[in-house]
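Every number in our numbering is 18 more than the matching position in the sequence shown, counting from 1. The C-beta atom is built at its ideal place from N, Cα and C for all residues, glycine as well. Report on one structure; see the data block that follows.
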Amino acid sequence: MKGWWERAQAVMPGGVSSPVRSFHGVGGTPFAAVRGQGAYLYADDGRAYLDYVMSYGPLILGHAHPEVIGAVTHQAALGTSYGAPTGLETEMAELLVSAYPGLEMVRLVNSGTEATMSALRVARAATGRKRVIKFIGSYHGHHDSLLVRAGSGAATIGVPDSAGVPEEMTALTMSLPYNDREGLAAVFGNLGSEVAAVIVEPVAGNMGTVLPEPGFLEDLRRFTQAAGSLLIFDEVMTGFRVGWAGAAGYYGVRPDLVTLAKVIGAGLPVGAYGGKREYMQLVAPLGPVYQAGTLSGNPLAMAGGLAQLRAIGGPAFYPPLAEKTAALARGLEERGRRRGVAVAANSVGGMMTLFFADRAPKTFAEVEATDRGRYRKYFHGMLDQGIFLPPSAFETVFVSAAHEKEAIEHTLEAADTVFARI
Ligand SMILES: *Cc1c(COP(=O)(O)O)cnc(C)c1O
């Protein structure tokens with residue numbers, strides 16, 4: 019009998035259901051997960067890994083948190099999906115509305131991709147405009163119009179990142195460097211009246227963690243408001259990850275629309291988009307923007323997500339998580355530098371990235387200029403020591419409440435021995 023990885027590759031592209039899992043960015047063969055508990059992920063060969071991937075963000079309380087598992091199993095016994103409204107959806111929507119600044123109405127969907135696709139549709143309907151602006155190196159899911167990162171320098175009209183996406187589908191998407199306040203001013207000066215929306219990760223997490231420079235989010239708010247464009251915060255990663263009120267609360271800048279997923283689903287497939295009532299009333303059946311989903315607001319996802327959010331409890335959860343994450347970031351920087359390895363880390367809330375560079379990047383171009391060969395060695399060195407980091411230099415490290423101080427210390431010790439060798 020062939021090994022599972024050969025079998026997987028024979029019947030699924032790259033052997034995976036989502037590309038980064040294939041270890042394509044770092045080389046080598048991924049392990050098959052069979053169980054998660056707290057901060058640890060267990061492979062089918064019996065190895066345990068201290069997990070910093072955490073399902074790419076959702077598991078902020080760790081794997082298999084008892085409250086989440088209890089809620090999901092309780093709900094599963096009552097049925098998996100109804101095709102009729104449930105009280106759970108209302109409870110979820112009420113919780114999101116109560117937590118997120120300026121959020122008045124939400125629509126629940128099944129993924130972050132669906133959420134950003136739909137938010138864009140609402141923005142275009144609300145403004146009667148076509149153009150959207152995104153930032154290079156930001157990821158908003160894999161639907162056609164946002165699968166663009168495009169050129170450099172000034173705004174570039176979108177060139178698709180993927181085969182199978184015609185240029186016509188991305189021609190209305192403009193890409194600017196993250197943190198490029200001058201570029202933003204120039205685009206709004208020329209084309210402001212044509213811009214339906216700016217969509218931004220208020221902390222970029224899909225090029226590694228890249229922080230907004232002071233003034234960047236404020237400029238986005240100012241320019242969009244002046245031009246009658248909508249500001250969409252894609253908080254699929256940052257929502258309930260950097261703070262109870264998302265990056266909007268953390269940085270004190272309020273978007274018109276927001277997209278959420280990951281943490282709100284506790285590892286079950288879920289997403290949400292919402293904003294001011296005047297915009298969300300455009301969504302069917304109230305309005306002309308069509309958007310639907312057979313499994314949207316799925317009761318298992320609602321039960322699991324609600325249980326996780328209730329266990330988080332509120333804003334007080336976040337400062338200790340941020341402190342722990344920052345201690346990891348600082349500790350890695352110190353040990354790297356002591357070993358003569360150029361490293362710099364960014365961290366906020368429970369997200370962090372260690373870059374192999376002299377200083378922490380502020381744009382995707384700077385991320386691309388980091389030493390990715392060294393990241394590969396670091397990744398495999400850490401994996402050998404039982405620590406599972408993101409298998410790509412462009413992904414964020416996720417710290418959960420289940421990562422104990424001792425686990426962080428162990429990570430720093432392991433990194434020290436790896437830095438000595440790379
Ligand atoms: C993960 C992510 C998405 C896509 O969400 P999926 O659930 O994978 O479709 C969109 N935007 C951001 C910022 C993300 O981190």
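Residue i Cβ short of 7 Å to ligand 1 heavy atom set
i: residue 219; result: yes
i: residue 131; result: yes
i: residue 291; result: no
i: residue 7; result: There is simply no residue 7 to check, as the chain begins at 19 and stops at 440 in what is shown.
i: residue 323; result: no
i: residue 279; result: yes
i: residue 252; result: yes
i: residue 224; result: yes
i: residue 81; result: no
i: residue 134; result: yes
i: residue 255; result: yes
i: residue 92; result: no
i: residue 159; result: yes
Which listed residue (the options) has its alpha carbon closest to that of residue i
i: residue 249; options: 23, 235, 410, 260; result: 235
i: residue 68; options: 393, 402, 212, 440; result: 402
i: residue 292; options: 285, 286, 279, 284; result: 279
i: residue 203; options: 187, 233, 227; result: 233
i: residue 70; options: 434, 410, 439; result: 410
i: residue 118; options: 313, 275, 372; result: 275
i: residue 46; options: 397, 193, 301; result: 397
i: residue 490; options: 136, 149, 145, 140; result: Here the chain covers residues 19 to 440 and nothing more, so residue 490 does not appear.
i: residue 258; options: 413, 340, 59; result: 340
i: residue 385; options: 224, 190, 130; result: 224
i: residue 191; options: 148, 220, 200; result: 148
i: residue 80; options: 434, 357, 327; result: 327
i: residue 219; options: 156, 308, 317; result: 156
i: residue 407; options: 20, 29, 44, 30; result: 44
i: residue 97; options: 320, 352, 209; result: 320
i: residue 197; options: 338, 414, 379; result: 379
i: residue 308; options: 342, 141, 370, 264; result: 141
i: residue 99; options: 336, 139, 128, 122; result: 128
i: residue 134; options: 101, 251, 440; result: 251
i: residue 393; options: 428, 427, 370, 440; result: 440
Span separating the alpha-carbon of residue i from that of residue j
i: residue 436; j: residue 399; result: 6 Å
i: residue 93; j: residue 387; result: 48 Å
i: residue 362; j: residue 372; result: 6 Å
i: residue 238; j: residue 216; result: 8 Å
i: residue 179; j: residue 158; result: 13 Å
i: residue 229; j: residue 285; result: 25 Å
i: residue 296; j: residue 422; result: 44 Å
i: residue 347; j: residue 365; result: 7 Å
i: residue 405; j: residue 376; result: 24 Å
i: residue 418; j: residue 88; result: 19 Å
i: residue 90; j: residue 242; result: 41 Å
i: residue 130; j: residue 111; result: 16 Å
i: residue 206; j: residue 200; result: 10 Å
i: residue 359; j: residue 273; result: 39 Å
i: residue 167; j: residue 29; result: 30 Å
i: residue 16; j: residue 277; result: Limits of the chain in this structure are 19 at one end and 440 at the other, which puts residue 16 out of reach.
i: residue 305; j: residue 294; result: 14 Å
i: residue 16; j: residue 301; result: This structure does not reach residue 16, given that the chain is present from 19 up to 440, and the question cannot be answered.
i: residue 368; j: residue 186; result: 38 Å
Proximal residues to residue i (C-beta, below 8 Å), its chain only, five neighbours per side dropped
i: residue 34; result: 26, 40, 48
i: residue 62; result: 22, 49, 50, 51, 52
i: residue 170; result: For residue 170, the predicted model reports a pLDDT of 36, less than 50, meaning its position is unreliable; a value from the coordinates is still stated below. Within the same chain, residue 170 has close Cβ partners 154, 195, 383.
i: residue 353; result: 430, 433, 434, 437
Same chain, Cβ closer than 6 Å to residue i, five either side skipped, listed in chain order
i: residue 132; result: 289
i: residue 85; result: 325, 329
i: residue 412; result: 225, 226
i: residue 425; result: 57, 68
i: residue 349; result: 430
i: residue 54; result: 81, 82
i: residue 315; result: 107, 126
i: residue 317; result: 93, 104, 106
Residue i CB to nearest heavy atom of ligand 3 below 7 Å
i: residue 42; result: Because ligand 3 does not appear in the structure shown, any question about it cannot be addressed here, the ligands present being ligand 1.
Same chain only: Cβ atoms within 7 Å of residue i, ignoring 5 sequence neighbours per side
i: residue 432; result: 400, 403, 405
i: residue 145; result: 214, 246, 247, 248
i: residue 332; result: 262
Note to self: Quick check for students: name the residue ranges of the alpha helix (DSSP H) that lie wholly in the segment 301–382, counting only runs of 4 or more.
What the structure shows: Taken in chain order, the unbroken stretches of alpha helix (DSSP H) that lie wholly in the segment 301–382 and span 4 residues or more are 317–330, 336–356.
Next item on the list: Pick out the complete alpha helix (DSSP H) segments inside the segment 110–188, 4 residues or longer, and give them in chain order.
Entry: Correct list: 130–145, 185–188.
Margin query: Quick check for students: name the residue ranges of the beta strand (DSSP E) that lie wholly in the segment 255–310, counting only runs of 3 or more.
Written below: Complete beta strand (DSSP E) runs here, min 3: 275–278, 289–293.
Margin query: To test your reading of the DSSP string, which unbroken beta strand (DSSP E) runs of 3 or more residues are found completely within the segment 197–265?
Written below: Those beta strand (DSSP E) runs which fall completely within the segment 197–265 and span 3+ residues are 213–218, 248–252.
Margin query: In chain order, what are the residue ranges of uninterrupted beta strand (DSSP E) at least 3 long that sit wholly in the segment 29–85?
Written below: Entirely contained in the segment 29–85, the beta strand (DSSP E) runs reaching 3 residues are, in chain order, 51–55, 58–61, 66–69.
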